[in-house]
Amino acid sequence: MPEKQKIDFKPKVIEYVQKNGPSLPVQVSKVIGREIYVSSAVLSELISSRKMLITAAKVGSSPLYYLPGQEYKLQTLLYPYLKDKEKEAFDLLKKNLVLKDSNLEPAIRVALRYLRDFAFQVEVKEGVKSELYWKWYILPDEEAKSKILKMIGHKEEIKIVEEIKEEPKKIEKQEVTEEPKPQESIIEKIKSKIIRKPRSKDNFEEILYTYLQNNNIKVINSEVIKKNKEINMTVKIPSIVGDLLFYVKAVHKSKLTTTDLLTAYNESQQKNINGLLLTTGEVAAKFCDFIDKKLNNKLMIKQIK
-12 MPEKQKIDFK PKVIEYVQKN GPSLPVQVSK VIGREIYVSS AVLSELISSR
38 KMLITAAKVG SSPLYYLPGQ EYKLQTLLYP YLKDKEKEAF DLLKKNLVLK
88 DSNLEPAIRV ALRYLRDFAF QVEVKEGVKS ELYWKWYILP DEEAKSKILK
138 MIGHKEEIKI VEEIKEEPKK IEKQEVTEEP KPQESIIEKI KSKIIRKPRS
188 KDNFEEILYT YLQNNNIKVI NSEVIKKNKE INMTVKIPSI VGDLLFYVKA
238 VHKSKLTTTD LLTAYNESQQ KNINGLLLTT GEVAAKFCDF IDKKLNNKLM
288 IKQIK
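By the working numbering, the letter at position 265 of the sequence shown is numbered 252, and the numbering carries on one by one without gaps.
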């Protein structure tokens, strides 16, 4: 008997999404007349070949699939499914287009980290330090650069930075790998450096999985949030009373912030299971106090090497 010819559903799926905009797997399944697992496989192939994109946020339990150029349509489709604080952060960023992370209240900073479809992180070198900004997802890079220049161009901002040089303060930031250049003005630096956060050269995943293996921790599922930077997991940790279910947020950074703790805590509470924050960075004593007083000891924290 002759072999059945394999049907290529990809052109039909692309045509449908082109006409109808961001779509759910169940909608695609109806269009091609196949089971949901078939449509999911087709969509997965299109994602792998970069012909389609997928949202981080979900409509119910499913993400949306869309074509490059349809990003602007995501707002109306996903906004109703955002949590209240996420909507507040969404509205604030949409209105201002660029926000400086350190100027925001902790709850908004945490919410922005959930808005991966709408809030893009931009790291800016301001003099000798690194600052994190949030850019509205469809704002062109050149416009974002112009707005950031205006934000740091005020005399008050420059004065504050100069004071930090003379009398250093603790600043919540990522590790700065580039050596500061003496007597270099902020404006000159920012003109030449507006970059995405650099990827670490260290093999974070190897460090993490070695730690899990050495401690007999079983991984149930995992999600890479940022390659070589941040991974979310559900795991089982052995104890004298049996395996305990934990939500794990693993981060690769030199210094933690209270925002990291709040994010891990909030995510574990949403899943209604124990929370564990694993980090390659140093765990300061103040974070243990913060967990005790602010989080009612509902989060564990551990340094891994």
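Each residue gets a CB set at the ideal place from its N, CA and C atoms; glycine is no exception.
Burial state of residue i, where buried means 16 or more other Cβ atoms lie within 10 Å
i	result
Glu166	Residue confidence for Glu166 is low, a pLDDT of 39 falling below 50, so the modelled location carries little weight; the figure read from the coordinates is stated next. The residue in question, Glu166, is exposed, as its Cβ has fewer than 16 Cβ neighbours within 10 Å.
Asn296	Nothing about residue 296 can be reported from this structure: the residues present for the chain run from -12 to 292 only.
Ile218	buried
Ala272	exposed
Ser117	buried
Val317	Coverage of the chain is limited to positions -12 through 292, which leaves residue 317 absent and any answer about it impossible.
Asp71	exposed
Arg37	exposed
Gly262	buried
Lys112	buried
Ile(-6)	exposed
Pro50	buried
Tyr24	exposed
Val0	buried
Leu199	buried
Asp88	buried
Met(-12)	Interpretation of Met(-12) is limited by its pLDDT of 45, a score under 50 that renders its predicted location unreliable; the figure taken from the coordinates is listed afterwards. By the neighbour-count rule (16 or more Cβ atoms within 10 Å), Met(-12) is not buried but exposed.
Leu232	exposed
Ser133	exposed
Ser48	exposed
Per DSSP, the bridge partner or partners of residue i
i	result
Val238	Glu217, Thr266
Val206	Val222
Asn261	Phe233
Met287	Leu263
Ala106	Trp123
Ser49	Val46
Ser117	Lys112
Leu10	Rather than Leu, the amino acid found at residue 10 in this sequence is Ser. Answer is Tyr52.
Lys87	Tyr120
Ile41	Tyr52
C-beta atoms of residue i and residue j nearer than 7 Å
i	j	result
Val4	Leu54	yes
Glu58	Ala98	no
Arg103	Ala43	yes
Phe105	Tyr120	no
Phe191	Asn208	no
Pro93	Leu248	no
Ser35	Pro12	no
Tyr234	Ile194	no
Tyr52	Ser10	yes
Ala131	Lys137	no
Gly8	Lys81	no
Val211	Met220	no
Lys(-3)	Leu40	no
Member of the options whose CA lies at the smallest distance from the CA of residue i
i	options	result
Lys236	Pro225, Leu286, Lys242, Thr197	Leu286
Ile204	Lys216, Phe191, Glu193, Val222	Val222
Leu243	Phe277, Met39, Ile34	Phe277
Tyr196	His239, Ser226, Gln257, Lys6	His239
Arg96	Leu33, Pro67, Ala251	Ala251
Asn245	Leu231, Asp279, Leu69, Tyr234	One point to set straight first is that residue 245 is Thr, not Asn, in the sequence displayed. Comparing Cα positions, the closest option is Asp279.
Lys45	Ile224, Tyr101, Glu22	Tyr101
Asn83	Gly47, Leu64, Ile135	Ile135
Gly56	Ile224, Lys6, Ser48, Gly47	Lys6
With a threshold of 8 Å, are at least 3 pairs of Cβ atoms found where one atom belongs to the segment 260 to 269 and the other to the segment 280 to 291? yes
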